[in-house]
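Residue numbers (my numbering): 5 to 285. All C-beta atoms in this analysis are idealised placements derived from N, C-alpha and C, irrespective of residue type, glycine included. Below: one structure, written as structure tokens.
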Amino acid sequence: RDYALLDGESAETAQAIAEHYMPVRADSPLPVSLAGAVVSMADRLDTLAGCFGIGQRPSGTTDPFGLRRQALGLIHIILQRNLSLPLIDCLNEALRLYGDKLTVEPAEAQAQALDFIKGRFVNDQNRQGRAAEAVLAAVSVSFADIVDCQCRLEALIAISREDSFALLVGSFKRVMNIIKGHEAAEVNSELFETAAEEDLYHRLQEVNALALPLLREQKYTEAMNIILKMKEPVDVFFDKVMVMTDDPAVRNNRLHLLTAIAELFLRVGDFSKMTAAVDKS
5 RDYALLDGES AETAQAIAEH YMPVRADSPL PVSLAGAVVS MADRLDTLAG
55 CFGIGQRPSG TTDPFGLRRQ ALGLIHIILQ RNLSLPLIDC LNEALRLYGD
105 KLTVEPAEAQ AQALDFIKGR FVNDQNRQGR AAEAVLAAVS VSFADIVDCQ
155 CRLEALIAIS REDSFALLVG SFKRVMNIIK GHEAAEVNSE LFETAAEEDL
205 YHRLQEVNAL ALPLLREQKY TEAMNIILKM KEPVDVFFDK VMVMTDDPAV
255 RNNRLHLLTA IAELFLRVGD FSKMTAAVDK S
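See below:
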């Protein structure tokens, strides 16, 4: 900072230079200025990309370049400033800037770096007392945006306090088990043979109309309170309908319907990773 000021740099630039080292440890202060935060994040992304780009990954207790600290600092800055950062794009750009200096394929290095940052996020959330299964449910569906992942995690914890949550998880797991390996496709309502199919389809349309706008706005807790309405018609469907019927067109259409329901739930988290309420406090 002092040398920058003596060199004629502005106070804002000097502060950003000083703050780009922050945080120096897991619980150390974060940059105060936006410029300092941006430079700190850029520096950490550059370090992570560079190290993973030449195969220098931490192993066990060995972390000579302090990558765990670098990743954790990046996470804390992003969350503290509520920055919806496209993490994959940032890593790709950081790797691109290294050009032919990389010894690891950029796509592989990016995937490894992203997975490493995700691991730091999971460990940090668990250290803060968050239930491991709720954290896993959130990161399993997406970790491209850390703030978005945090919002979904908060919603999962909130919804887990509902009395019907354990039953909802059971219904979701049933859906996931039966659609395993099935690809999404448009549902054809003309192939319905039972009232339970029609009721489930209409409820899904109603829930989608209300929940999807909330999901796009990251209002995940509100969206989940609406999605909870899917539980009863899903249970009735399984009680009344033979999904794996002999008619392939009808069978596939029923699987399409269940897949559409699963995709709605997976916008928030993978409920199959959870069991019952994770936090009743």
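Whole runs of the beta strand (DSSP E) within the stretch 149–180, excluding any shorter than 3 residues:
none
Measure from the alpha carbon of R258 to the alpha carbon of each residue in R207, E97, M278, I183, then state which is nearest.
I183
Counting along the chain, where does the alpha helix (DSSP H) carrying M228 start and finish?
224–231
From which residue to which residue does the alpha helix (DSSP H) around G59 run?
Where G59 is concerned, there is no enclosing alpha helix (DSSP H), given that its DSSP letter is neither H nor E.
Whole-angstrom distance between E137 and K277, CA atom to CA atom:
6 Å
By the three-class DSSP mapping on this structure, what secondary structure does T66 have?
strand
Tell me the DSSP secondary structure of T198 in three-state form.
coil
Nearest candidate by alpha-carbon position, reference E187, set L87, V36, E267, P27:
The option with the nearest alpha carbon to E187 is E267.
Cβ-Cβ distance between A141 and L160 below 8 Å
At a Cβ-Cβ threshold of 8 Å, A141 and L160 count as neighbours.
Rounded separation between M180 and Q114 - CA only
29 Å
Short Cβ contact (8 Å threshold) for L204 with A253
no
Pull up the distance between the alpha-carbon of A264 and that of V247, whole angstroms please.
15 Å
Which same chain residues, not among the five before or five after D128, have their C-beta less than 7 Å away from its C-beta?
L76, I79
For the alpha helix (DSSP H) containing E112, list its first residue and its last residue.
110–131 is the extent of the alpha helix (DSSP H) around E112.
Expected contact under 8 Å - CB spacing of L99 and A53 to nearest Å
5 Å
Identity of the residue in L219, A200, I231 nearest V211 by Cα:
I231
Quick check: the Cα distance between R124 and Q74, rounded to an integer number of angstroms?
10 Å
Rounded distance between the beta-carbons of L219 and R271, thought under 8 Å:
5 Å
Assumed close pair G273, V145 - CB separation to whole angstroms, cut-off 8 Å
Sure, about 6 Å apart at Cβ, within 8 Å.
For L106, which residues in the same chain have their Cβ closer than 8 Å to its Cβ, ignoring the five residues on either side in sequence?
G57, I58, L99, A113
Can you tell me whether V139 is buried or exposed, with buried defined as 16 or more other CB within 10 angstroms of its CB?
buried
If you follow the alpha helix (DSSP H) that R271 is in, where does it begin and where does it stop?
Where R271 is concerned, there is no enclosing alpha helix (DSSP H), given that its DSSP letter is neither H nor E.
State the Cα-Cα distance for the pair D67 and S14, rounded to the nearest angstrom.
36 Å
Exposed or buried, what is S32 when buried is set at 16 or more other beta-carbons lying within 10 Å of its beta-carbon?
exposed
Do you know offhand how far D283's Cα is from N130's?
Unreliable positioning characterises D283 in this predicted model, as indicated by a pLDDT of 48, which lies under 50. A coordinate reading is not provided.
Between the Cα of L71 and those of A117, Y102, I82, M26, spot the shortest distance and give me the residue it belongs to.
Minimum Cα-Cα distance from L71 among the listed residues A117, Y102, I82, M26 corresponds to A117.
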